[in-house]
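Letter by letter, the sequence shown follows residues 41 to 142 in my numbering.
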Amino acid sequence: MMFDKLLSVENKYDELMTKLGTAEVQADAAEYRRAAKTLSELEPLVQKFREYRGVEQDITGAEELVNGNDADMRDLAREELKTLEVRREALLQDLKILLIPK
């Protein structure tokens, strides 16, 4: 459920980015300010969510190396995996905090 909310926020962010680039919004100062304000409020959450997804991808890659044939790479991947899992948990906590309504 949390990830559905995050995806929804990310979609809204992307829509606002597109909207800000349109001539109609740029011609309407009040609408431009509203959209820019909303965008700035969403940006920290979207950036953190994108960072989280990047770490998830890195974890997948490290898990593949852990299951590979190269012993040296397995050892390095295990260490990297530990670091990535700690980072993922920290990002998850950050996301939960950022989702709390202000």
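Note that the Cβ used here is the ideal one computed from N, Cα and C, for glycine as well.
Please name the residue in the options whose C-alpha comes closest to that of residue i.
i	options	result
Leu139	Asp54, Val86, Gly94, Asn51	Val86
Leu135	Asn109, Leu82, Ile99	Leu82
Phe89	Gln133, Lys142, Ala75	Gln133
Leu121	Asp112, Gly94, Gly101, Lys77	Gly101
To the nearest angstrom, how far is it from the Cα of residue i to the Cα of residue j?
i	j	result
Met57	Val106	39 Å
Leu79	Arg118	38 Å
Met42	Val49	11 Å
Glu129	Ala67	43 Å
Glu96	Lys142	27 Å
Taking DSSP as the reference, what is the three-state secondary structure of residue i?
i	result
Thr62	coil
Met113	helix
Gly101	helix
Asp68	coil
Ile140	coil
Asn51	helix
Gly108	coil
Pop quiz: residue i and residue j are said to be a contact at Cβ under 8 Å. What is the actual Cβ separation, rounded to whole angstroms?
i	j	result
Leu131	Tyr92	4 Å
Leu124	Ile99	5 Å
Lys59	Ala75	6 Å
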